[in-house]
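**Student:** Quick one: structure below, then a few questions.
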Amino acid sequence: MLPTLNGFTLLPFPANWSSPPAWQRAWENEVAAAVTGDESRQALRVNPRNQLSFLLTPWTTWELAMLDDLVNQAKKSGTACAPFHGRSSVLQDDCSANEAVLQDNVWGFAAGDYVFFCNLQAYPVALLWDCIQITAVDGATLSLASNVSQTYLAQSLVWPVLYGEFTCKDMSIPGAQRGSVQATIRELSSPASAATVYGPGEGPAVSGIGIMQIGSTFKPE
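In structure tokens:
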């Protein structure tokens with residue numbers, strides 16, 4: 008059975024850093040007419056949507072077959088998820104149960120997020136990974152919904168998970184056993200929490216003809 012997460016096809020493979028992952032973000036501003044008649048811009052969202060393009064290169068025949076099946080499934084649904092390559096955190100201690108201690112919670116993991124583990128020491132002979140939901144966060148300590156399937160050593164990397172629209176170029180076959188895939192995942196909505204405040208608050212009192220608030224009627228995605 009092919010791995011999925013919340014209905015999204017999961018691509019658990021490490022990125023090929025011979026072509027570094029390319030990260031972009033977009034607020035998707037909109038052109039609007041200013042009060043004076045000049046062109047102005049208004050933001051459609053407070054937090055940007057992330058987009059990540061990365062190269063996946065299978066090194067074995069089993070990995071090529073699995074990647075081919077995952078790409079076909081993701082193309083049919085149009086969505087996929089993957090470790091957020093280039094945005095990893097580092098384990099402070101060995102992780103062998105349902106708690107992961109990071110050197111620093113630089114990503115800002117929160118309860119409800121998923122964290123991705125991968126045993127890079129075993130790759131490409133075997134692809135050993137876990138993707139587990141976080142139930143609580145205490146500083147840089149993550150409490151997990153279940154135990155990991157193996158021990159991940161201190162200094163190993165862990166990643167947040169990026170969900171979104173999936174696109175990829177056609178698979179190239181330079182040899183009999185590998186075919187690289189340049190994949191792109193583009194978030195469908197900004198990763199804003201429910202507590203995020205959208206739009207301006209109450210405006211200041213002014214004299215004269217008053218002021219105009221632009222974008223105050225937009226709702227969060």
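Heads up: take any position in the sequence shown, counting from 1, add 7, and you land on my numbering. Backbone N, C-alpha and C define an ideal beta-carbon position, used for all residues, glycine too.
(1) What residues are listed by DSSP as bridge partners for E172?
(2) Exposed or buried, V113, counting other C-beta atoms within 10 Å across all chains shown (16 or more means buried)?
(3) Excluding the five sequence neighbours on either side, which residues of its own chain have a C-beta within less than 7 angstroms of the C-beta of A152, listed in chain order?
(4) Report the partner residues of A33 according to the DSSP bridge assignment.
(5) Applying the criterion that 16 or more other CB atoms from any shown protein chain within 10 Å of the CB defines a buried residue, is D76 buried or exposed?
(6) Rounded to a whole number of angstroms, what is the C-alpha to C-alpha distance between V108 and H92?
(7) Alpha carbon to alpha carbon, how far is N57 from W166?
(8) Can you grab the Cα-Cα spacing for the pair Y170 / D120, in whole Å?
(9) What is the DSSP secondary structure of L12, reduced to helix, strand or coil?
(10) Short check: CB of A89 to CB of I192, under 8 angstroms?
(11) Below 7 angstroms CB to CB, which residues in the same chain sit around P10 once its five sequence neighbours on both sides are set aside?
**Tutor:** With the given structure in hand:
(1) Its beta-bridge partners are T86, R193.
(2) exposed
(3) If we look at A152 and ignore the five residues flanking it on each side, its Cβ neighbours are I139, Q140, T142.
(4) R56
(5) Around the CB of D76, fewer than 16 other CB atoms lie within 10 Å, so the residue is classed as exposed.
(6) 20 angstroms
(7) 15 angstroms
(8) 11 angstroms
(9) Here L12 sits in strand by DSSP.
(10) yes
(11) L17, P19
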